[in-house]
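Numbering (the working numbering), first residue to last: 12 to 285.
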C-alpha cells in the first residue's frame, strides 16, 4: 500500500492478526541538502521542482531545503522570486505550472500548518495563502509557500504537510546537515547537491532515508527499489527485490543415503541432526 503513516499503522495492525505479508510506502519529510559548491540558480531550480511538483502532494516532496550558510541569503532570495512566479491554474492547460490541491480538507490542513509555523515564529517569505481571483474559485488552490526563520523542532519542519510548503534552514557543516536531515520520524526520500563526488556519497550513506538522490530529485528508475526507513514504511516496491515480496520460500530436504538411521538405537554411534 501507499499512504500516510497513521493509515499504514492501522492496516498493519489489522493484517497482523492473519500474519499477512505487508509492503508499505508511507509518509515522508524529504530534505534537499545543498552544499556551498552548488550554483545558486541550480539550488533554487532543484528546490522548486522538489517542493512544488504535484502541488507538493508527493511522499518524497523536498519539504525542507537545508542550504549551506554561505548560500542561504541568495538561495532564499531566488527561491522567493521564483516561487511567486509559478503559474497556478487548471492542470489541463499547457501553460499551467501548478494545479490545485486534491480536496478542501487537504487545503484546510495546509492552512493549519501555515498558521502553526507563524505561531511558532517562522516567517512566510512567499505564498502562505489562497490565490485571489475568479480563476481560482473552482478548485482548492494554495500558493507556493516558502518559510524562513525555521528551526528543526517546529511542526512545519517535523510533520508531513503534503502541500506546496518548503521550509528553508541553514547549516555550517556536513555533520549539522546530516543531523537536521535525519532529525525527524520519517526517512523516505532526500537529495544531496554538490560537485564533490566523495562528499555526495559520504553524506548519502549517512542519511537515514531509503531513497537518496545525488544532484537530482523525484525522478526514478523503475528497477531501483523504492521505500523508506523509520516511520516511512517497510519493505520495498520496484526492482528485482520487489518480486521477493510476492514469493514464499520453501525448503525441500532430501535424504539420498540408503543407510539406516535409527536415532534411538543403542549402537554406540554418535547421533547428529546435521
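Heads up, the beta-carbon is just placed ideally off N, CA and C, and yes, glycines get one too.
Please read these numbers as outputs of a predicted model, since none were measured by experiment.
**Asked** Can residue 158 and residue 121 be called in contact, C-beta distance under 7 Å?
**Response** With a cutoff of 7 Å on beta-carbon distance, residue 158 and residue 121 are scored as not near each other.
**Asked** Along the chain, where does the beta strand (DSSP E) that runs through residue 75 open and close?
**Response** Where residue 75 is concerned, the enclosing beta strand (DSSP E) stretches over 75-79.
**Candidates 242, 233, 263, 85: closest to residue 249 by CA position** = The residue among 242, 233, 263, 85 with its C-alpha nearest the C-alpha of residue 249 is 233.
**Asked** CA-CA distance, residue 184 and residue 79?
**Response** Here the alpha carbons of residue 79 and residue 184 stand approximately 8 Å from one another.
**Message:** For residue 14 and residue 37, what's the separation of their Cα atoms in angstroms?
**Reply:** Near 5 Å, if we compare the C-alpha coordinates of residue 37 and residue 14.
**Request:** Express the C-alpha separation of residue 263 and residue 124 in angstroms, rounding to a whole number.
**Result:** The straight-line gap from Cα to Cα measures roughly 56 Å.
**Prompt:** Hey, residue 73 and residue 61 are a contact pair by Cβ (cut 8 Å); roughly how many whole angstroms apart?
**Reply:** About 3 Å; that satisfies the 8 Å criterion.
**Reference residue 31; option with closest CA among 59, 52, 225, 12** = Comparing Cα positions, the closest option is 12.
**Prompt:** Leaving out the 5 sequence neighbours to the left and right, which residues in its chain are closer than 8 Å to residue 68 when beta-carbon positions are compared?
**Reply:** For residue 68, where only same-chain residues beyond five positions count, the Cβ hits under 8 Å are 112, 113, 117, 173, 174.
**Request:** List the DSSP bridge partners of residue 240.
**Result:** BP columns for residue 240 point to 198.
**Message:** Would you call the stretch 189-202 in contact with the stretch 80-94, where contact means no fewer than 3 C-beta pairs closer than 8 Å?
**Reply:** With the cut-off at 8 Å, the stretch 189-202 and the stretch 80-94 do not touch.
**Request:** For residue 81, collect the residues of the same chain with a Cβ closer than 7 Å to its Cβ; drop the 5 residues on either side in sequence, then sort them by chain order.
**Result:** Hits under 7 Å: 47.
**Message:** Please give me, in chain order, every unbroken run of the beta strand (DSSP E) with length at least 3 that falls completely inside the stretch 157-227.
**Reply:** Restricting attention to beta strand (DSSP E) runs no shorter than 3 residues, the stretch 157-227 encloses them at 176-182, 200-204, 222-225, ordered along the chain.
**Message:** For residue 204, count the other beta carbons within 10 Å of its own beta carbon; 16 or more makes it buried, fewer makes it exposed. Which is it?
**Reply:** By the 10 Å Cβ count, residue 204 comes out buried.
**Request:** Could you name each continuous beta strand (DSSP E) segment of 3 residues or more that falls completely within the stretch 105-167, going from the start of the chain to the end?
**Result:** Fully enclosed beta strand (DSSP E) runs of 3 or longer: 134-137, 156-159.
**Request:** May I ask you to report which of helix, strand or coil DSSP gives residue 49?
**Result:** In this structure, residue 49 counts as coil in the three-state DSSP scheme.
**Request:** Please classify residue 35: does DSSP put it in a helix, a strand, or coil?
**Result:** In this structure, residue 35 counts as strand in the three-state DSSP scheme.
**For residue 99, the residue or residues it bridges with in DSSP** = According to DSSP, which records beta bridges pairwise, residue 99 is partnered with 109.
**Request:** State yes or no: is the C-beta of residue 86 within less than 7 Å of the C-beta of residue 135?
**Result:** No, the Cβ-Cβ distance between residue 86 and residue 135 is not below 7 Å.
**Request:** Decide if residue 77 is buried, meaning its Cβ has at least 16 other Cβ atoms within 10 Å, or exposed.
**Result:** The residue is buried, with at least 16 neighbouring Cβ atoms inside 10 Å.
**Prompt:** Which word fits residue 151, buried or exposed, when buried means at least 16 other C-beta atoms lie within 10 angstroms of its C-beta?
**Reply:** Residue environment analysis places residue 151 among the buried positions, since at least 16 neighbouring C-beta atoms fall within 10 angstroms of its C-beta.
**Message:** So if DSSP puts residue 87 in a beta bridge, which residue, or which two residues, is it bridged to?
**Reply:** None, per the DSSP bridge assignment.
**Request:** State the start and end residues of the unbroken alpha helix (DSSP H) segment that holds residue 276.
**Result:** Note, residue 276: premise wrong, no alpha helix (DSSP H); not H, not E.
**Request:** Give me the Cα-Cα distance between residue 266 and residue 284, rounded to the nearest whole angstrom.
**Result:** Inter-residue distance for residue 266 and residue 284 is about 12 Å (C-alpha atoms, whole angstroms).
**Message:** Taking the alpha carbon of residue 119 as the reference point, which residue from 132, 101, 140 has its own alpha carbon closest?
**Reply:** Closest option to residue 119, Cα to Cα, is 140.
**Residue interval of the alpha helix (DSSP H) (run including residue 254)** = That run of the alpha helix (DSSP H) goes 250-255.
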